[in-house]
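Numbering (the numbering used here), first residue to last: 37 to 147. For reference, the structure discussed in these notes is given below.
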Amino acid sequence: MDEGDPHIHVERRVVRADAAVRNLLASTFGLVADAPSTVTTGCGRRVPYAMTSPRPESVTCLACREHAHREHLRFADELEGLGRMAGSVVTPDRAAEAARHHRDLAARFAG
Ligand SMILES: [Zn+2]
37 MDEGDPHIHV ERRVVRADAA VRNLLASTFG LVADAPSTVT TGCGRRVPYA MTSPRPESVT
97 CLACREHAHR EHLRFADELE GLGRMAGSVV TPDRAAEAAR HHRDLAARFA G
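Next up, the structure:
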């Protein structure tokens with residue numbers, strides 16, 4: 037852990053840290069993730085959870101912003117695939133709405 041690091045990072049699993057996804061996973065799979073005390077970041081550091089944020093406006097580490105941008109785009113594609121699956125518990129409408137949310141986040145991380 038780098039005590040002198042002033043940056044706010046994203047969790048490596050930034051998509052899972054997003055509240056909307058947390059809720060989606062909880063309702064879909066019955067999973068509820070607790071916030072850990074330290075996390076691995078998108079840029080490969082180990083930092084206190086308090087030094088990370090899922091909000092694009094708060095993240096100052098450039099490598100983490102790029103990581104989050106890629107992850108949210110990738111997850112948006114996954115969601116659309118999930119919505120198209122026959123018998124999926126996630127309806128196409130809901131999947132498309134969630135995918136839009138993640139494309140929006142990706143764009144904000146890129147900005
Ligand atoms: Zn970082």
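Don't be surprised by glycine CBs; every beta carbon is placed ideally from N, CA and C.
Taken from the Cβ of residue 45, at least one heavy atom of ligand 1 lies inside 7 angstroms. Judged by DSSP in its simplified three-state form, residue 82 adopts strand. Taking the CA atoms as reference points, residue 99 sits about 12 angstroms from residue 47. Excluding residues up to 5 positions away in sequence, 47, 83, 85 and 88 lie with their Cβ nearer than 7 angstroms to the Cβ of residue 75 in the same chain. The closest heavy atom of ligand 1 lies less than 7 angstroms from the beta carbon of residue 78.
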